[in-house]
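Asker: Okay, here's the structure, questions in a sec.
Given below as structure tokens:
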């Protein structure tokens, strides 16, 4: 009788262990990774609320707009990473001095472009629709930018964020109606460098000329 | 295979002699040759569209010409259009221009086996036809037909994209898409569907209208590219390829679907991999 109990005890334990292992293999991989889609969505929504407050503030002068845009970019975006990725393989060829000059000019250009379009964003609403994890270090936040008056067609926007371990989420790309801002800027920058015999300094010259 | 057969059948039996035969006879073989010259690895059904600009120097010259033409004609006309026409009238014209393209979408959807989209295009064409497309009576419908042109049909049939070519007045596109534009104008799907022999005159009359309307609809965006880009030609080319790839992948209205491959972002995830493309 005792032998039967022992066997039963062993069998039930093995069954339990087997079931636990089976459960582990059947579980989707997602929950085992740190799901940071919520954090990413919250960051984008927070940024859009701040951006909306800024564009609706008609009392802002040019310098005020620049300060707001600059603050938004440095607070929510990985500007250094974007600048680096926007030069493709040519980043490796740039000297330390060229890199720092380029990064400063790149941020200036981003601010200038955003300020020039500041008024176009007035009256628009952002609504996140769906978010998804891309690998274990990126999140894509999908949403819609719409005009409540119906004057302008709504646009589908995807925000790509990095969610690196131990670091806050940061925006690295915006895709509007299937056009990636990073991809477009990268192809434009690379075209300038290639047109000038692969000289990274040509991009700095072009950025400086645009700023003047 | 079945799609290829259908594609050849339509090319053979569609009424090809309807309009503008000389221009088509010259342009079509030229663009088709360009597409055929493309290396087999560029793309095909289900493959990524690869940017190929072997005529870049010549293309840049034609782009500069197009930009001068835009500054001289289209931009001032579009600016006047925006200033003089009320928003509702601008939307009506824009809607009418889109409506005239629905038969082409229906035909190309059918050729690609996208029956649902073909049906949607026909329904929208028939119902909005009550107002000649000037009023979108189905504006609130969630399901809208996705644009399908002959370039997309050729891509679905496995025709390679060919190099990027910039054409005076028409703008830029791959050899395949330029051939597609010629074929669409040549086949005249609007006339075939309505049975109106004068439909080509309608389309021709619409051409300047649609050019001004499209320029006005995208006035700020085009000016931003034209005046604020570091390299407007490279930017236009990049935007074209991204848009085209989305169209070929039927990704036009899909939210939460990325337009770019995740590998583009490797440099953000790994400081050692600074970018490799």
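Residue numbers (the working numbering), protein chains in the order written: chain A, 1 to 212; chain B, 1 to 277.
Beta carbons: idealized from backbone N, C-alpha and C, even for Gly.
Note that this is a predicted model, so its numbers are computed, not measured.
#1: Cutting at 8 Å between CB atoms, please list the residues of its own chain near residue 41(B), excluding the five before and the five after it.
#2: Where residue 186(A) and residue 86(A) are concerned, what is the direct C-alpha to C-alpha distance, given to the nearest angstrom?
#3: Where does residue 157(A) land, buried or exposed, given buried means 16+ other C-beta within 10 angstroms?
#4: So is residue 196(A) in contact with chain B if we call contact Cβ pairs under 7 Å?
#5: Buried or exposed: where does residue 218(A) fall if 16 or more other Cβ atoms within 10 Å of its Cβ makes it buried?
#6: Between the beta-carbon of residue 139(A) and the beta-carbon of residue 36(A), is there less than 7 Å?
#7: Alpha helix (DSSP H) containing residue 127(A): first to last residue?
#8: Across which residues does DSSP place residue 142(A) in a beta bridge pair?
#9: Per DSSP, what kind of secondary structure is residue 230(A) in: helix, strand or coil?
#10: Less than 7 Å between C-beta atoms, sequence neighbours within five positions excluded: which residues of the same chain meet that for residue 84(A)?
#11: With DSSP as the reference, label residue 162(B) as helix, strand or coil.
#12: Which chain A residues sit within Cβ distance under 9 Å of residue 102(B)?
#13: For residue 75(A), tell me which candidate among 208(A), 65(A), 169(A), 125(A) has the shortest Cα-Cα distance.
#14: Measure the alpha-carbon distance for residue 214(A) versus residue 102(A) and round it to whole angstroms.
#15: Extract the residue ranges of the alpha helix (DSSP H) inside the stretch 73–123 of chain B, only unbroken runs of 4 or more that lie entirely within it.
#16: Mind checking if residue 275(B) is an interface residue toward chain A, Cβ cutoff 7 Å exclusive?
#17: Does the beta-carbon of residue 145(B) have 16 or more other beta-carbons within 10 angstroms, so that it is buried, or is it exposed?
#18: With burial defined as no fewer than 16 other Cβ atoms inside 10 Å of the residue's Cβ, what is the status of residue 140(B): buried or exposed?
#19: Check the Cβ-Cβ distances between residue 231(B) and every residue of chain A, and say whether any is below 7 Å.
#20: Report the partner residues of residue 167(B) according to the DSSP bridge assignment.
#21: Measuring straight from C-alpha to C-alpha, what distance separates residue 183(B) and residue 150(B)?
#22: Run through chain A and tell me which residues come within less than 8 Å of residue 260(B), C-beta to C-beta.
#23: Do you know whose CA, among 80(A), 135(A), 132(A), 190(A), lies nearest residue 231(B)'s CA?
#24: With a threshold of 7 Å between beta-carbons, can residue 235(B) be considered close to chain A, or not?
#25: Please work out which residues of its chain come closer than 8 Å, Cβ to Cβ, to residue 201(A), disregarding the five sequence neighbours upstream and downstream, and give them in chain order.
#26: Could you spell out the range, first to last residue, of the beta strand (DSSP E) harbouring residue 177(A)?
#27: Any Cβ of chain B within less than 7 Å of the Cβ of residue 152(A)?
#28: Leaving out five residues before and five after residue 78(B) in sequence, what residues of the same chain have Cβ atoms less than 7 Å from its Cβ?
#29: Which residue from 112(A), 88(A), 180(A), 137(A) puts its Cα closest to that of residue 193(A)?
#30: Considering only residues of the same chain and omitting the five flanking positions on each side of residue 65(A), which have a CB-CB separation below 8 Å?
#31: How is the alpha helix (DSSP H) around residue 278(B) delimited, first residue to last?
#32: Give the secondary structure of residue 170(A) by DSSP, where H, G and I count as helix, E and B as strand, and everything else as coil.
#33: Could you tell me the boundaries of the alpha helix (DSSP H) in which residue 281(B) lies?
#34: Are the C-beta atoms of residue 88(B) and some chain A residue less than 7 Å apart?
#35: Here's the rule I'm using: 16 or more other beta-carbon atoms within 10 Å means buried, otherwise exposed. How should residue 100(A) be labelled?
#36: Can you pull the chain A neighbours of residue 285(B), defined as C-beta to C-beta under 7 Å?
Answerer: In short:
#1: The sequence position of residue 41(B) within the second chain is 41, counting from 1. Reliability fails at residue 41(B), whose pLDDT of 43 lies under 50, so the model's placement of it is uncertain and no value is given.
#2: Counting from one through the first chain, the residue named residue 186(A) turns up at place 186. Counting from one through the first chain, the residue named residue 86(A) turns up at place 86. Here the alpha carbons of residue 86(A) and residue 186(A) stand approximately 4 Å from one another.
#3: Taking the first chain and counting its residues from 1, the one referred to as residue 157(A) is at position 157. So residue 157(A) ends up on the buried side.
#4: Here residue 196(A) corresponds to residue number 196 of the first chain, with the count starting at 1. No - not a single Cβ of chain B is within 7 Å of the one on residue 196(A).
#5: Given a span of 1 to 212 for chain A in the structure shown, any question on residue 218(A) remains unanswerable.
#6: Here the question's residue 139(A) lines up with position 139 in the first chain. Here the question's residue 36(A) lines up with position 36 in the first chain. Yes; because the gap between Cβ atoms is below 7 Å, this pair is in contact.
#7: Position 127 of the first chain, counted from the first residue, corresponds to residue 127(A). Element bounds for residue 127(A): not the alpha helix (DSSP H) but the beta strand (DSSP E), 125–134.
#8: Looking up residue 142(A) in the first chain gives position 142. Its beta-bridge partners are 130(A), 158(A).
#9: This structure does not reach residue 230(A), given that chain A is present from 1 up to 212, and the question cannot be answered.
#10: Stepping through the first chain from its first residue, residue 84(A) is reached at position 84. Hits under 7 Å: 91.
#11: Taking the second chain and counting its residues from 1, one reaches residue 162(B) at position 162. Three-state DSSP puts residue 162(B) in coil, outside helix and strand.
#12: Position 102 of the second chain, counting from 1, holds the residue named residue 102(B). Correct list: empty, because the minimum Cβ distance to chain A is about 18 Å.
#13: Position 75 of the first chain, counted from the start, is the residue given in the question as residue 75(A). Minimum Cα distance to residue 75(A) is reached at 169(A).
#14: No information on residue 214(A) is available, as it lies outside the stretch 1 to 212 that chain A covers here.
#15: Entirely contained in the stretch 73–123 of chain B, the alpha helix (DSSP H) runs reaching 4 residues are, in chain order, 75–84, 87–100, 102–111.
#16: Counted from its first residue, the second chain places residue 275(B) at position 275. Note that residue 275(B) scores a pLDDT of 48, beneath 50, so its modelled location is shaky; the value from the coordinates is reported in the next line. Yes, contact with chain A.
#17: For the purposes of this step, residue 145(B) is identified with residue 145 of the second chain, where counting begins at 1. Residue 145(B) is buried by the Cβ-count criterion.
#18: Taking the second chain and counting its residues from 1, the one referred to as residue 140(B) is at position 140. Residue 140(B) should be labelled exposed.
#19: Within the second chain, numbered from 1, the residue matching residue 231(B) stands at position 231. Nearest CB-CB separation between residue 231(B) and chain A: below the 7 Å threshold.
#20: The residue given as residue 167(B) occupies position 167 in the second chain. DSSP, once it has assigned bridges, lists 171(B) as partnering residue 167(B).
#21: Working through the second chain from its first residue, we reach residue 183(B) at position 183. Working through the second chain from its first residue, we reach residue 150(B) at position 150. Spanning the two alpha carbons is a distance of roughly 7 Å.
#22: Within the second chain, residue 260(B) is the residue found at index 260, counting from 1. In chain order: 173, 175, 180, 182, 183.
#23: Against the second chain, residue 231(B) aligns to sequence position 231. When only C-alpha atoms are compared, the closest one is 190(A).
#24: The residue labelled residue 235(B) in the question sits at position 235 within the second chain. Chain A contact via Cβ: present.
#25: The residue given as residue 201(A) occupies position 201 in the first chain. Cβ neighbours of residue 201(A) beyond the five flanking positions: 98.
#26: For this step, residue 177(A) is matched to residue 177 along the first chain. Unbroken run through residue 177(A): none, as it is neither H nor E.
#27: Here residue 152(A) refers to the residue found at position 152 when the first chain is read from its first residue. With a threshold of 7 Å between beta carbons, residue 152(A) makes no contact with chain B.
#28: Reading the second chain from its first residue, position 78 is the one you call residue 78(B). So the qualifying residues of the chain are 212, 215, 216, 219.
#29: Your numbering for residue 193(A) matches position 193 in the first chain. Check the Cα spacing between residue 193(A) and each of 112(A), 88(A), 180(A), 137(A): the tightest is with 88(A).
#30: Position 65 of the first chain, counted from the first residue, corresponds to residue 65(A). 54, 115, 118.
#31: No statement about residue 278(B) is possible, as the shown extent of chain B runs from 1 to 277 and does not include it.
#32: Position 170 of the first chain holds residue 170(A). Under the three-state reduction of DSSP output, residue 170(A) falls in the strand class.
#33: Missing from the structure shown is residue 281(B); chain B here goes from 1 to 277 and no further.
#34: The residue you call residue 88(B) lines up with position 88 of the second chain. In terms of beta-carbon proximity, residue 88(B) stays away from the interface with chain A, with every pair separated by 7 Å or more.
#35: In the first chain, the residue the question calls residue 100(A) occupies position 100. So residue 100(A) counts as exposed.
#36: This structure gives no information on residue 285(B), because the portion of chain B shown stretches from 1 to 277.
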